[in-house]
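Notes follow once the structure below has been shown.
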Amino acid sequence: MTAIILAIVTATLMILLLIVGIAFSFSLVKRQKEKQIMELTETKLNFEKEIRQVETEVSEQVMSHVASELHDNIGQMLTAMHIQIENQTLDHPETEESYVPIKKYLTNVTQQIRLLSKSLNNDFIEQKGLVGAIEIEADRLNALNRFHVTVTKKMEDFDLQKDQELMIFRIFQEISQNALKHARAKNLFVNILGNSVNFELEIKDDGVGFDTEEIRAKSDGSGLTNIVKRASLAGLDCEFKTKKGEGTSYKFTKKPIMPSKKK
Amino acid sequence: MQQFFHHLFHILLLLVFLIGILSLKKSSIFFKLIFFQVVYTCLTTVVAILYKKYQIDHGMVVNNMWLGNINLFIELSIIFYAFRIYLKESWIKKSVTIAYLIFVSVYALTGWQQGFWVILNYADLTSCFLMTLILVYAYFIVSQEKNISIWKSPEKLAIMGMLIYFAGSIPFIAMWDYLITNSPKVLALLYVGINYTIAYIRYIFVGIAFWLIYKNAKKQIISS
Numbered sequence: 001m002t003a004i005i006l007a008i009v010t011a012t013l014m015i016l017l018l019i020v021g022i023a024f025s026f027s028l029v030k031r032q033k034e035k036q037i038m039e040l041t042e043t044k045l046n047f048e049k050e051i052r053q054v055e056t057e058v059s060e061q062v063m064s065h066v067a068s069e070l071h072d073n074i075g076q077m078l079t080a081m082h083i084q085i086e087n088q089t090l091d092h093p094e095t096e097e098s099y100v101p102i103k104k105y106l107t108n109v110t111q112q113i114r115l116l117s118k119s120l121n122n123d124f125i126e127q128k129g130l131v132g133a134i135e136i137e138a139d140r141l142n143a144l145n146r147f148h149v150t151v152t153k154k155m156e157d158f159d160l161q162k163d164q165e166l167m168i169f170r171i172f173q174e175i176s177q178n179a180l181k182h183a184r185a186k187n188l189f190v191n192i193l194g195n196s197v198n199f200e201l202e203i204k205d206d207g208v209g210f211d212t213e214e215i216r217a218k219s220d221g222s223g224l225t226n227i228v229k230r231a232s233l234a235g236l237d238c239e240f241k242t243k244k245g246e247g248t249s250y251k252f253t254k255k256p257i258m259p260s261k262k263k
Numbered sequence: 001m002q003q004f005f006h007h008l009f010h011i012l013l014l015l016v017f018l019i020g021i022l023s024l025k026k027s028s029i030f031f032k033l034i035f036f037q038v039v040y041t042c043l044t045t046v047v048a049i050l051y052k053k054y055q056i057d058h059g060m061v062v063n064n065m066w067l068g069n070i071n072l073f074i075e076l077s078i079i080f081y082a083f084r085i086y087l088k089e090s091w092i093k094k095s096v097t098i099a100y101l102i103f104v105s106v107y108a109l110t111g112w113q114q115g116f117w118v119i120l121n122y123a124d125l126t127s128c129f130l131m132t133l134i135l136v137y138a139y140f141i142v143s144q145e146k147n148i149s150i151w152k153s154p155e156k157l158a159i160m161g162m163l164i165y166f167a168g169s170i171p172f173i174a175m176w177d178y179l180i181t182n183s184p185k186v187l188a189l190l191y192v193g194i195n196y197t198i199a200y201i202r203y204i205f206v207g208i209a210f211w212l213i214y215k216n217a218k219k220q221i222i223s224s
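Quick mapping for you: the protein sequence lines, in order, are chains A and B. First residue of the first sequence: 1, per the working numbering; consecutive thereafter. First residue of the second sequence: 1, per the working numbering; consecutive thereafter.
Structure below.
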């Protein structure tokens with residue numbers, strides 16, 4: 001009888017152990033599955049990031065090429081035109097008066113081309129720094145007399161990488177182009193706040209605003225998507241508010257790095 | 001000693017019933033059915049006690065087996081139905097129905113052959129096997145849906161409690177016929193040692209599951 005009792009008790013214990021084993025293996029399977037999904041998501045994200053970086057690099061190269069073309073070719077042609085006009089006025093001083101408006105426009109165009117060529121060239125952003133580049137771009141836009149860009153800054157030395165600065169500058173360009181072309185804004189306010197830990201860029205326009213869902217539904221929402229994706233590449237949080245007839249405001253913030261608890 | 005385990009089981013059942021009442025409002029249909037099964041077991045236990053007393057008072061031979069057989073049928077019907085609702089895929093719903101029909105067939109056959117005055121251990125054994133399979137699958141599903149500790153998941157707790165009970169009963173019930181003929185004393189000993197232990201585990205787990213539902217509902221009310 002003792003043998004039967006032992007056999008039954010052992011069999012029951014074995015079954016219970018088996019159940020524990022099964023439960024444990026189920027949770028292990030789940031963990032493995034979650035790990036795989038996480039790895040897959042991470043790979044996808046990295047892949048997307050790489051594609052975006054390549055896209056950015058390509059577009060930067062194209063912009064640099066356009067900038068050098070503007071500077072070297074069109075700039076040279078405009079200079080040649082300038083010299084030609086100077087020669088004409090020297091040869092025929094009586095026509096000098098009639099060349100004054102042309103010379104004025106030519107000077108303006110040359111200046112615009114020079115500034116545009118600079119703003120398209122990423123070396124210029126490296127040289128001038130982000131704030132300097134934004135200020136020069138603002139001057140260029142103001143010279144167009146289409147709207148007014150006001151730049152305010154409250155900052156100490158902020159800690160941004162060159163790539164981040166370039167990305168932020170391109171975001172600023174995209175937003176200012178949108179404000180100019182689509183929003184029909186009269187004013188664009190740029191507010192830069194920064195210190196060694198935080199960085200914040202706020203851009204507001206007083207244009208017509210837009211319906212986010214409507215823009216996203218249309219294929220031409222790529223500008224907005226570009227801004228958000230560029231911001232994510234630059235490691236910034238992007239927040240924007242807009243309503244039809246009430247302008248648009250964008251806020252980009254760099255997340256402060258939390259101090260490590262480890263000693 | 002047997003009386004002590006008996007009373008302990010009654011107290012535990014009563015506690016689970018009370019916690020079940022607290023959690024009832026916030027429970028899913030699955031847990032409402034599990035609660036219904038607890039209520040039914042409570043009622044059967046009360047009826048069994050009263051009937052036993054009546055039999056003793058009137059000098060009758062104490063035999064509650066028919067009550068146990070009815071309990072087996074209704075309890076299993078509720079649990080099969082609960083899992084038919086809980087498991088979402090149609091093939092497993094069909095499988096649960098087939099499993100239930102197998103159990104009913106074995107129950108009817110053994111009942112017809114042996115009569116209802118002896119325990120229908122073949123039907124009991126069949127139900128334990130079938131429920132073990134269903135519960136293992138249900139535990140797999142719930143562990144794939146929610147990767148949280150068993151102590152925080154009411155579903156995992158209730159399923160695990162029942163799984164321990166039904167799977168753990170298999171060796172003991174398989175030997176029931178042999179032991180009742182050859183050594184009723186050993187059967188009584190094992191009944192207390194094994195059946196009560198796994199029944200305690202089952203109802204403790206179900207009770208904790210009810211408590212978790214109640215606690216989570218309370219938390220939601222506070223946070224909202």
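Heads up, the beta-carbon is just placed ideally off N, CA and C, and yes, glycines get one too.
Not flagged as an interface residue toward chain A: B/Asn195, since no C-beta distance is shorter than 7 Å. Around the beta carbon of A/Asn121, 16 or more other beta carbons sit within 10 angstroms, so the residue counts as buried.
In terms of Cα proximity to A/Ala23, the closest of B/Ile49, B/Asn147, B/Thr126 and B/Ala217 is B/Asn147.
Secondary structure of B/Leu120 (DSSP, three-state): coil. Around the beta carbon of B/Pro184, a 10 Å sphere encloses fewer than 16 other beta carbons of the protein chains shown; the residue is thus reported as exposed.
Excluding sequence positions up to five before and after B/Ser153, its CB lies within less than 6 Å of the CB of Lys146, all in the same chain and listed in chain order.
Ranking A/Asn195, A/Asp163 and A/Met38 by CA distance to the CA of A/Glu126 puts A/Asp163 first.
Note on A/Tyr250: 16 or more other CB atoms within 10 angstroms of its CB, so buried under the neighbour-count rule.
Within the region 11-39 of chain A, contact with chain B at the beta-carbon level (separation under 8 Å) is assigned to Ala11, Thr12, Ile15, Leu16, Leu18, Ile19, Ile22, Ala23, Phe26, Ser27, Val29, Lys30, Arg31, Lys33 and Glu34.
For B/Leu130, the closest Cβ of chain A is not nearer than 7 Å. Residue-level contact by beta carbon fails for B/Pro154 and chain A, as no gap is shorter than 7 Å. A distance below 7 Å separates the beta carbons of B/Asn121 and B/Trp176. The residues Leu106, in chain order, have a CB closer than 8 Å to that of A/Met81 in the same chain once the five nearest residues on each side in sequence are set aside.
Under the Cβ criterion (8 Å, minimum of three pairs), the region 153-164 of chain B does not count as touching the region 30-43 of chain A.
Within the region 209-249 of chain A, complete beta strand (DSSP E) segments of at least 3 residues are found at 236-242, given in chain order. The beta-carbon of A/Ile125 is placed no less than 7 Å from the nearest beta-carbon of chain B.
Contact check for A/Leu233 against A/Lys254 fails: the beta carbons are separated by 7 Å or more.
Residues of chain B whose Cβ lies closer than 8 Å to the Cβ of A/Ile8 are, in chain order, Pro171, Phe172, Met175, Leu190 and Ile194. Using a 10 angstroms sphere on the CB of B/Phe31, the tally of other CB atoms reaches 16 or more, which defines it as buried. Looking at the backbone, the Cα of A/Val20 and that of B/Ile141 are separated by about 16 Å. With a threshold of 7 Å between beta carbons, B/Gly168 makes contact with chain A. When the beta-carbon positions are compared, A/Glu156 and A/Gly209 stay at least 7 Å from each other.
By the neighbour-count criterion, in which a residue is buried when 16 or more other Cβ atoms sit within 10 angstroms of its Cβ, A/Ser59 is exposed. In the three-state reduction of the DSSP assignment, B/Ile148 falls in the coil class.
At a beta-carbon threshold of 8 Å, the residues of chain B lying near A/Ile5 are Val186, Leu189 and Leu190, ordered along the chain. With its beta carbon less than 7 Å from one in chain A, B/Phe140 belongs to the interface. For A/Ile203, the enclosing beta strand (DSSP E) stretches over residues Phe199 to Asp205. In this structure, DSSP gives A/Phe147 a state outside helix and strand, which the three-state scheme calls coil. Spatial neighbours of B/Tyr51 in its own chain (CB-CB distance under 8 Å, excluding positions within 5 residues in sequence) are listed in chain order as Asn64 and Leu67. Under a criterion of Cβ atoms nearer than 9 Å, the residues of chain A adjacent to B/Ser143 are, in order, Ala23, Phe26, Ser27, Val29 and Lys30. Taking 7 Å as the CB threshold, B/Leu163 lines the interface with chain A. Neighbours of B/Val136 in chain A, taken as residues at a C-beta separation under 7 Å, are given in chain order as Ile22. Contacts with chain A at 7 Å (Cβ-Cβ) do not include B/Asn121.
Scanning A/Met167, A/Glu137 and A/Gly75 for the CA closest to the CA of A/Phe252 turns up A/Met167. In this structure, the straight-line span from the alpha carbon of B/Asp57 to that of B/Val47 is close to 15 Å.
When the beta-carbon positions are compared, A/Leu180 and A/Arg230 stay at least 7 Å from each other.
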